[in-house]
Amino acid sequence: DTEVTQTPKHLVMGMTNKKSLKCEQHMGHRAMYWYKQKAKKPPELMFVYSYEKLSINESVPSRFSPECPNSSLLNLHLHALQPEDSALYLCASSQSGQGGYEQYFGPGTRLTVT
Amino acid sequence: GIQVEQSPPDLILQEGANSTLRCNFSDSVNNLQWFHQNPWGQLINLFYIPSGTKQNGRLSATTVATERYSLLYISSSQTTDSGVYFCAGGPNEKLTFGTGTRLTIIP
């Protein structure tokens, strides 16, 4: 099973709202990722968690707050977003270290900020 | 960080044609993947290929790690092959994506 699930599929939020995106995998992977993809652009890495610890933060604004409650779950908390944050948010997971780094992606959450 | 150049940016082919997509990397990578993104945004894994050659049906890929490039071959194209193809590479977990090749297969 190489499935990564994400909820919700679509999200519309105002600039004063607080919302969360959720990601789950049951492949026993120890690394999880958040990417942001704007229309007609490639995905861009935001955060990496390795063994439930934040290992990479690509200088993402603090209005995006990641959380990894356990090795299977990854959340992205959103608050005070701007319209330019509207994008497809993709979650991925992989083994880590000796297990290799092949990443598997979820279907994404399409976020619209109004 | 690593720069990834992907070519061509757009490709329009008749059904049944063959194609070659290329990725060049500015530095050595130990993690290299090819993806197909469908119209709904799902990234589908095609190959994990930091080096060597792999084949899966009508698709094959070759990575020449010493020269920092990778090629994706699609043979006997079908309309279902249409979409955006991305390569991505980097050190360990840190993948950088190329700008993609938009492939359109005409019946």
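So the sequence lines, in the order shown, correspond to chains G and E.
With our numbering applied, the first sequence covers 82 to 195.
With our numbering applied, the second sequence covers -19 to 87.
Don't be surprised by glycine CBs; every beta carbon is placed ideally from N, CA and C.
G/A168 and G/Q118 do touch by the CB rule: their CB atoms are close to 6 Å apart, below 8 Å. Only those residues of the segment 61 to 84 of chain E whose C-beta falls short of 7 Å from the nearest C-beta of chain G are listed: F66, N72, E73, K74, L75, F77, G78, T79, G80. In the DSSP annotation of this structure, E/R38 is not part of any beta strand (DSSP E), being labelled neither H nor E. E/F66 is not a Cβ neighbour of E/Q35, given a cutoff of 8 Å. G/P188 belongs to the set of residues whose beta carbon lies under 8 Å from a beta carbon in chain E. The Cβ atoms of E/I(-18) and E/G69 lie closer than 8 Å to each other. For E/T46, the secondary structure class from DSSP, reduced to helix, strand or coil, is helix.
For E/N11, the enclosing beta strand (DSSP E) begins and ends at 11 to 17. About 5 Å separates the Cβ atoms of G/L171 and G/F186, confirming a contact at the 8 Å cut-off. The beta-carbon of E/Y49 is placed no less than 8 Å from the nearest beta-carbon of chain G.
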